[in-house]
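>
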Amino acid sequence: MEKIYQVALLLSAGIMAVGTVLCQAVPSWLIGLFATSQETLAAGTIALRIISAGFLVSSVSVISSGALEGLGKGGPSLMISLLRYVFVMIPASFVLSRMFGAVGV
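Position 64, counted from 1, in the sequence shown is what the numbering used here calls 129; the numbers after and before it change by one each time, with no gaps.
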């Protein structure tokens, strides 16, 4: 089980690293696949760069929670998710929104 967890974590981190690089390097091209409005492209480019900064951290959380659920340990899985949202995401969003406005969220 430990080997499977390590492989899944490595693969997920690799995929998310590639996604992060793409989102940082060519965000307007990626957004352009779904929208043509210049306003949407501008807002989407900023949003995609910000969102992609958290891809790697999110992959660890998702793989860890999934592994725990697969082992029948729903309680610890729930705790990882709660800790991530309640103690990291919400406070960080609050503080960053005060510092940078909507872009900080």
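All C-beta atoms, glycine included, are put in the ideal place defined by N, C-alpha and C.
This structure is a prediction, so every number in the text was calculated from the model and none was measured.
1. Taking C-alpha atoms, which residue in V122, E134 and Q89 lies nearest to A112?
2. Only counting the same chain, and skipping five residues up and downstream in sequence, which positions put a Cβ closer than 8 Å to that of I96?
3. Measuring straight from C-alpha to C-alpha, what distance separates I69 and V160?
4. Applying the criterion that 16 or more other CB atoms from any shown protein chain within 10 Å of the CB defines a buried residue, is P92 buried or exposed?
5. Is the CB-CB distance between L74 and I128 below 9 Å?
6. In whole angstroms, what separates the C-alpha of L98 from that of S158?
7. Which value, in whole angstroms, describes the spacing of the CA atoms of S130 and F165?
8. Roughly how many angstroms lie between the CA atoms of P156 and V72, to the nearest whole one?
So, from the listed chains and residues:
1. One-based indexing of the sequence shown puts residue 112 at position 47. Of the candidates V122, E134 and Q89, the one whose C-alpha sits nearest the C-alpha of A112 is Q89.
2. The residue given as residue 96 occupies position 31 in the sequence shown. Excluding positions up to five away in sequence, the list reads T105, L106, G109, T110 and L113.
3. Stepping through the sequence shown from its first residue, residue 69 is reached at position 4. Stepping through the sequence shown from its first residue, residue 160 is reached at position 95. Distance between the alpha carbons of I69 and V160: 37 Å.
4. Taking the sequence shown and counting its residues from 1, one reaches residue 92 at position 27. By the 10 Å Cβ count, P92 comes out buried.
5. Position 9 of the sequence shown, counted from the first residue, corresponds to residue 74. Position 63 of the sequence shown, counted from the first residue, corresponds to residue 128. For L74 and I128, yes; Cβs fall inside 9 Å.
6. On the sequence shown, residue 98 is found 33 positions in, with the first residue counted as 1. On the sequence shown, residue 158 is found 93 positions in, with the first residue counted as 1. Taking the straight line from one Cα to the other gives about 28 Å.
7. As a first step, residue 130 must be located in the sequence shown, where it is residue number 65. As a first step, residue 165 must be located in the sequence shown, where it is residue number 100. Whole-angstrom Cα-Cα distance: 31 Å.
8. Locating residue 156 in the sequence shown gives position 91, where the first residue counts as 1. Locating residue 72 in the sequence shown gives position 7, where the first residue counts as 1. Answer to the nearest angstrom: the Cα atoms are 32 Å apart.
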